[in-house]
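Taking this note's numbering, the leading residue of the sequence shown gets 1, the next gets one more, and so forth.
Don't be surprised by glycine CBs; every beta carbon is placed ideally from N, CA and C.
Owing to the predicted nature of the structure, the values given are computational and were not obtained by experimental measurement.
To start, the structure itself, in structure tokens.
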Amino acid sequence: MRRLQLHMKQLSLLLISSMLLAGLPGCTSTPEKQQEVVRGDDIAVAPERVPVAQELMFNLLAGEFAGVRGHLEEAMSYYGRAAAISDDPQIINRAAYISLYSGNDQQSVELCERWQDLNYGQSHSMDRICLMAYLHLRRLEPVIAKVEELLMLDGKVNESAVSSLTHILGKETTPAFALDIARTLNDKYPDAPFLMLLQARFQASQKLYEESLVSVNHLIRLEPDIVDAYLVKAQALAGLGRQQESIESVAMVVKKRPHDNRLRLQYARMLVQFKAFDEAIEQFLVLKKSMSNDENVLLSLGLLSIEIGQHNDAKHYLQTLLDEGHHNQQAHYYLGRIQQSQGEDMPAIANYERVLSGEYRLDARIRASSLMARSGQYEKALSRLESLAAEQLQNESDRVKVYLAKGEVLRAASRDKEAFTLYNDALNQSPENTDLLYARALTAEKLNLLDVAESDLKMVLMHEPENASALNALGYTLADRTQRYTEARDYILKAAQLLPDDPAILDSLGWVYYRLGQLEDAIKWLSRAFEALQDAEIAAHLGEVLWVSGQTEKAKSIWQKGKTLDGNQAVLRDTIQRFK
């Protein structure tokens, strides 16, 4: 719609000038006799019984003014009247164009038929308008007639015209009607290979994979050098679940045409689709030799390297892409992710902040804020998140993400009361959001609001009975802060069934057995937790149970090691202090 308005602005002065230069009768009347065309924002109704030329000029000018202002239905109406009283081919063409892009296909068709009745002959512009209008209305016979005009060159089917037709059919009509057109053309021209390809392509798009395979195999027997035939065959085979044959179909033709980068690129993308990542990387590396600075090749190599866990290779490809001057948002985002995972916080922040638009922007900004908070830049992190919130995000899910991120920063800064207030505000807007309820529960537990913590976690479990994190949090809270140990154990055991190797759940399981007085079981589960995750809080728990069971030297050793680890050092310090 916007493109049409701009196009009308560009053409309106040219068209009006040409009409004035043509010296239409009645266009040179005195000001007293001329119609008032514009009154405020409205187009005045033309007075009755004016000369035809004046009425024509009025409708043309009114149509142009309406089009420039974006009132396309109004423009279509005025141009329709102008075309009705004029045999000028330029006016009929313009009226048909405006009708088509205003959505009035029937009026476009009527103007096309008028053009034919006046014997104006072929016009590339008018032929295209008529074809699209007939396509929109799904009128097969006139479509075929127009398509034949487009396709035939010296009595033969024009290959480049078939390519153009494929694009038009894919864009302007339904796959089912496109297939009807392709079948009709194949019946009329049974020996035209590119029409066979057209039919096979739309058969595959309609999931008629068996029919598509028959068509494309027949085509390959007749014309084995048509590369796209093998791609359509691969699509049909994949649709039938014959993935290996699908890959082999394209691999065979890639071997025959090793320098065809477009074909190899299609093959590499197919391998990605089938999750054959190692093989896909091999093909992209071949492409890189001849397309060394190509943005898509480097990006694909970077993302595939991440997929197979080769993060240093991914880092190299993504950095090379950016060094070549491609300011690719996705590359900045994933490079930031790799740097974040490798502890390179400042470069990661820099890359996240270069993600200025697109689907990764919000997550990039949230991650950058989290890293700022981790380095103690709490106010800067909150400021960044406030600017995100000020954007009035339309999506509730996005608003919740920002609330959660702000809450995490506040909790990291030990501003738990502010975080609790923030979660309350957020839950007023999204009262049943389980992520917000879970976050408020953890904060409430720190503030000794155990009734709120328990209530929120049970609300989460009402919505998500198999939420292992909520089961574990509720079980651990009851084990650590109350004497409801049996109930706590039941929650934690259910969490352990869902995530049997999770270190946090193993830690909770050991802790509840400690509370129940079952020291051997407690040591077993806490030892497994510490093996899975070297963490200060787990070290505190394991050391305490070892100390109570009489293994004081071993407890001291675990505590000493815990002092060097990430995690909740405050819990470790408090534990050591209690047992001095």
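- Spatial neighbours of Q243 in its own chain (CB-CB distance under 7 angstroms, excluding positions within 5 residues in sequence) are listed in chain order as F274.
- For the set H463, L450 and Q497, the Cα lying nearest the Cα of L474 is the one of L450.
- For K156, the secondary structure class from DSSP, reduced to helix, strand or coil, is strand.
- Taken through DSSP and simplified to helix, strand or coil, G63 comes out as helix.
- Here the C-alpha atom of A83 lies approximately 10 angstroms from the C-alpha atom of W115.
- One thing to note: L382 has its Cβ no nearer than 7 angstroms to the Cβ of V402.
- Here L362 is not near D416, since their CB atoms are 7 angstroms or more apart.
- Taking R481 as reference, the option from M459, E445 and A555 with the minimal CA-CA separation is E445.
- Distance from V250 to L231 at the Cβ level is roughly 7 angstroms; contact confirmed, criterion being Cβ atoms closer than 8 angstroms.
- For A441, same chain residues with a beta-carbon under 6 angstroms away, outside a window of 5 residues either side, are A453, D456 and L457 in chain order.
- A straight-line Cα-Cα distance of about 44 angstroms links Q283 and Q392.
- Counting along the chain, the unbroken alpha helix (DSSP H) around Q266 starts and ends at N261 to Q273.
- Around the C-beta of K171, fewer than 16 other C-beta atoms lie within 10 Å, and the residue is accordingly described as exposed.
- Cα atoms of Y476 and E418: separation of roughly 24 angstroms, rounded to the nearest angstrom.
- With a 10 Å radius around the Cβ and a threshold of 16 neighbouring Cβ atoms, S387 comes out exposed.
- Rounded to the nearest whole angstrom, the C-alpha separation of R354 and Q235 is 38 angstroms.
- It is roughly 21 angstroms from the alpha-carbon of G407 to the alpha-carbon of A504.
- The region 335-342 and the region 307-315 touch, with three or more beta-carbon pairs separated by less than 8 angstroms.
- Considering only E432, P431, N395 and A364, the residue with the shortest C-alpha distance to A405 is A364.
- A direct Cα-to-Cα measurement between L195 and A176 gives close to 16 angstroms.
- Taking all protein chains in view, the Cβ of D278 is surrounded by fewer than 16 other Cβ atoms within 10 Å, so the residue is classified as exposed.
- A distance below 7 angstroms separates the beta carbons of G562 and A539.
- The three-state secondary structure of Y230, taken from DSSP, is helix.
- In the DSSP assignment, L179 falls within the unbroken alpha helix (DSSP H) covering P175 to K188.
- Contact annotation: L542 and I558 have beta-carbon atoms nearer than 7 angstroms.
- Counting other Cβ atoms within 10 Å of its Cβ, T434 reaches 16 or more and is therefore classed as buried.
- In the DSSP assignment, M126 falls within the unbroken alpha helix (DSSP H) covering H124 to L137.
- Sequence-distant Cβ neighbours of W525 in its own chain, meaning closer than 8 angstroms and more than five residues away, are L506, D507, L509, G510 and Y513.
- A Cβ-Cβ separation of about 7 angstroms places T173 in contact with H136 under the 8 angstroms criterion.
- A straight-line Cα-Cα distance of about 55 angstroms links V272 and S549.
- Per the coordinates, the alpha-carbon of S430 lies some 10 angstroms from the alpha-carbon of N424.
- In this structure, Y317 sits away from L287, with a CB-CB distance that is not shorter than 7 angstroms.
- Within the same chain, and ignoring the five residues on either side of T184 in sequence, the residues whose Cβ sits closer than 8 angstroms to its Cβ are L140 and I144.
- Contact between N59 and R81 holds: CB atoms are separated by about 5 angstroms, below the 8 angstroms threshold.
- When the five nearest sequence neighbours on each side are left out, the beta carbons in the same chain lying within less than 8 angstroms of the beta carbon of D260 are those of V227 and V254, in order along the chain.
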